[in-house]
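J.: Can you read through this structure? Questions will come right after.
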Amino acid sequence: MRPLVLSLLLAVPLSAGTIDVRVQDAHGAAVKDAVVYAVPEGRALPLAKRTAVMDQKNRMFIPHVLVIQTGTSVRFPNSDDIRHHVYSFSPAKPFQLPLYKGTPASPVLFDKPGVVTLGCNIHDQMNAFIIVVDTPYFDRTGGDGHVALRDIEPGRYVVHVWYPDMRDEPRPGNVTISGSERADLSFVIHAHGHP
Ligand SMILES: [Cu+2]
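For the sequence shown, the working numbering assigns the number 637 to the initial residue and increments by one for each residue that follows.
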């Protein structure tokens, strides 16, 4: 393992930038928990080989929104005393975990980017989203509608925003990072049911 670790350390650039993003709604109010991610242009990053968890507690998926890099495997433990039946019909990852309790033996691999909508066959009110993105640079806005994506390697990026209630994805932003500068972007989200 040692040579691999060394080469990874050497590959980290000396300078890295920050992408500052602000998300608000059509009335200018801050949008909390919007997913923001910056996809590198013209170069593919290695797939993540990570594991994430989508839990089920009190007949709810926890978290309601999970963001992962493409190539991540997700475990779906059921922490309730009743059985759940998890499914997705989303093109990015159609799958089913038929009625079960406890933790299924194998996690589910998410190998394509996209939005995966989860449901439970037994409990209609259970729903959640897994946002699969082609980048390790993602985060969510805080209560002030702001997020800073840090340690961005030099290069060109397309910055996207996703929010459960949004009508359409706002036009993505283009950012070029050449050194240790900060880039600012802002987005307006139009929610369903609001003009
Ligand atoms: Cu259920």
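Glycine included, every Cβ here is placed at the ideal spot set by N, Cα and C. Given the structure is predicted, the values throughout are model-derived calculations rather than measurements.
Tell whether a beta-carbon distance below 8 Å holds between residue 828 and residue 662.
T.: Against a cut-off of 8 Å, the Cβ pair of residue 662 and residue 828 comes out as no contact.
J.: What is the rounded straight-line gap between the Cα of residue 721 and the Cα of residue 734?
T.: Each residue's alpha carbon lies about 5 Å from the other.
J.: When we look at the beta-carbon of residue 732 and count the other beta-carbons within 10 Å, is it buried (16 or more) or exposed?
T.: Classification for residue 732: exposed.
J.: Curious, which full-length alpha helix (DSSP H) runs of at least 4 residues does the stretch 743-779 contain?
T.: For the stretch 743-779, not a single whole alpha helix (DSSP H) run of length 4 or above is found.
J.: Where does residue 687 land, buried or exposed, given buried means 16+ other C-beta within 10 angstroms?
T.: Looking at its Cβ environment, which holds fewer than 16 other Cβ atoms inside 10 Å, residue 687 is exposed.
J.: I'd like to confirm something about residue 690: is its beta-carbon nearer than 7 Å to some heavy atom of ligand 1, or not?
T.: Not under cutoff, so the answer is no.
J.: In or out: residue 724 buried (at least 16 other Cβ within 10 Å) or exposed?
T.: Buried, by the Cβ-count rule.
J.: Between residue 788 and residue 655, which are expected to be in contact by the criterion C-beta below 8 Å, what is the C-beta distance as a whole number of angstroms?
T.: Correct: roughly 6 Å between the Cβ atoms.
J.: Give me the DSSP bridge partner(s) of residue 859.
T.: Nothing can be reported for residue 859: it is not among the residues displayed for the chain, which extend from 637 to 831.
J.: Report all residues from its chain with a CB closer than 6 Å to the CB of residue 784; omit the five preceding and five following residues, and keep chain order.
T.: 654 and 656, listed in sequence order.
J.: Mapping DSSP to helix, strand and coil, what is residue 714?
T.: Correct three-state label for residue 714: strand.
J.: Judging by CA-CA distance, which residue of 750, 673, 651 and 765 is the nearest neighbour of residue 700?
T.: For the residues 750, 673, 651 and 765, the minimum Cα distance to residue 700 belongs to 765.
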